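Colleague: Taken in order, these protein sequences are the chains called A and B. Offset between the first sequence (1-based) and this note's numbering: plus 241. Offset between the second sequence (1-based) and this note's numbering: plus 516. Built from N, CA and C at the ideal position, the CB exists for glycine as well. This structure is a prediction, so every number in the text was calculated from the model and none was measured.
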Amino acid sequence: MIILIHKFGTTLISRPAGKEAYLAFQSSLSNLQDDETLIVDFDGVITLSPSWADEFLTPLFEQYHDRLKMINYSNASVTETLRMLHLLSEQL
Amino acid sequence: MLGVSIDTLRRWDRGGKLRAIRNGKTGHRYFADSDVQLYLKGPMIIARQWAFDDEVRSLDPRFHCRTRDIFQARLETLQNKLADSLGIELASLITAITGEIGNNSFDHNLGNWPDELGIFFSNTQNNEIVLADRGRGILLTLSRVDTSLKNHSDALIAAFSRQISGRPSEGRGNGLKFVRRVVTTRPINLVFQTGDAVVELNQHKTDIDVKIVSESIRGCYAVISY
C-alpha cells in the first residue's frame, strides 16, 4: 500500500493536522495485508516539520516498524524531519 | 513625518512599499496610520511592543494570528514567496522552522493563554521573520514535566537540546531541537528569547550560549534571518 503524503497537503507543519491525518487514514490501513509493505511517498510535499510527522509517522512506525518504507524524501525539510525522528532506513 | 518627497511616496505606492488608499473623486492618496507606523517602526519593534509590555495593546490584524489556521495560511503565502526568491530547499526549511516555532506557541498555550490569544507573525523587507507570543513562556511550560528547571536559561537550554515536551502525555518534543539543527547547518540566523534568556544560533554559533538580558518577556520572541 502506498500513502501519498501530498494528499494531506503540501505544507505539513502542525500537530493537530498530523493527528487528524493519522485518524483519517485509519480506515484505509484496515485493508493492509499482514505481509504487505506500507510505502510512504513524499513526492509533491513542499514543507514537512517534526510536529506533523510525529503525529502521523511515529505511530505508523511504532505499529509497522520494518514494514514501513519511505520514498521520494529528497525535499530538505522532509529529509531533516525524518532524520530528527530517526525514521530513515539507515537510522533504523 | 516620513521625511520623503511626494514623488517618493507616489513611487512607494506604485512599487508596493507603502500602499496608498485612493480617493475616487479627487485621486488624492491617503496613507493608513497602521501602514505609516509599520514603515516607521518596522515589524520587530511592533512585535516587541506587543509581546513585551505588561498591558495588552491592540495589534494590527495583519500581524496577529489569533488561531493556528490563520498562521498556517499566512505561512504558506510566505513559503511561496521564499520559494521564488531562495529556491525550494531553503524555503522548505525556513518554512518548517517558522512553523515549529509558531505552532509551539499554540501547542503550549492552548487553553492557558494568560491574556491575548495567538501569535505575532510577520516578515520584513530585510529577509527577517518575526514571531512573538504573550504566552506562558518555556520555563513555566517545561517545569511541569521537569521540576529541576530553575530559571529561563535552564529552560531554553533544555528546549533546544533535549527531547522534552511540556505536554506530559506526548513524551515528545523535537521541535526546537529540529530548529537548532537546521539553523546551525544552513545560512540562517535565529535569535530566540523567553523570559530574560536569549540565545543566538547559526552556522558559527552552534552551542547554546545563553545571554541574560534586562528586558524580560513572559512568552517567546524569535527573529529568523536568512
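State the start and end residues of the unbroken alpha helix (DSSP H) segment that holds Gln595(B).
Modeller: 584-602 is the span of the alpha helix (DSSP H), which, as asked, contains Gln595(B).
Colleague: Express the C-alpha separation of Ile635(B) and Val707(B) in angstroms, rounding to a whole number.
Modeller: Answer to the nearest angstrom: the Cα atoms are 17 Å apart.
Colleague: Name the two residues that bound the continuous alpha helix (DSSP H) containing Lys693(B).
Modeller: 691-699
Colleague: Within the same chain, show all residues whose beta-carbon is closer than 6 Å to that of Val714(B), passing over the 5 residues directly before and after it, in chain order.
Modeller: Excluding five sequence positions before and after Val714(B), the CB atoms of its chain that fall closer than 6 Å to its own CB belong to Lys727, Val729, given in chain order.
Colleague: Asn620(B) and Gly691(B): beta carbons closer than 8 Å?
Modeller: yes
Colleague: Which of the residues in the stretch 570-591 of chain B, read from start to end, lie with their CB under 8 Å from any CB of chain A?
Modeller: Arg584, Gln588, Leu591
Colleague: Could you tell me the distance, in whole angstroms, from the CA atom of Ser574(B) to the CA atom of Val552(B)?
Modeller: 16 Å
Colleague: Please classify Gly531(B): does DSSP put it in a helix, a strand, or coil?
Modeller: helix
Colleague: For Ser521(B) and Ile562(B), what's the separation of their Cα atoms in angstroms?
Modeller: Using only the alpha carbons, I get a separation of about 25 Å.
Colleague: What are the boundary residues of the alpha helix (DSSP H) that Ala262(A) is part of?
Modeller: 256-270
Colleague: Please report the distance separating the alpha-carbon of Ser255(A) from that of Ser290(A).
Modeller: Answer to the nearest angstrom: the Cα atoms are 8 Å apart.
Colleague: Just to confirm before moving on: does the CB-CB distance between Thr251(A) and Ile280(A) stay below 8 Å?
Modeller: no
Colleague: Under 9 Å Cβ-Cβ, which residues of chain B neighbour Met311(A)?
Modeller: Going along chain B, no residue has its Cβ under 9 Å from Met311(A), so there is no contact; the nearest lies around 16 Å.
Colleague: Within 8 Å (strictly less), CB to CB, does Ile254(A) reach chain B?
Modeller: yes
Colleague: Work out the CA separation of Val699(B) and Asn718(B) for me, nearest whole Å.
Modeller: 5 Å
Colleague: From which residue to which residue does the alpha helix (DSSP H) around Asp649(B) run?
Modeller: Where Asp649(B) is concerned, there is no enclosing alpha helix (DSSP H), although the beta strand (DSSP E) it sits in stretches over 644-649.
Colleague: For Glu321(A), collect the residues of the same chain with a Cβ closer than 6 Å to its Cβ; drop the 5 residues on either side in sequence, then sort them by chain order.
Modeller: Apart from sequence neighbours up to five positions away, no residue of its chain approaches Glu321(A) with a beta-carbon distance below 6 Å.
Colleague: Does the Cβ of Asp725(B) have 16 or more other Cβ atoms within 10 Å, making it buried, or fewer, making it exposed?
Modeller: exposed
Colleague: So, are the CB atoms of Trp566(B) and Ala648(B) less than 8 Å apart?
Modeller: Pairing Trp566(B) with Ala648(B) gives a Cβ-Cβ distance under 8 Å.
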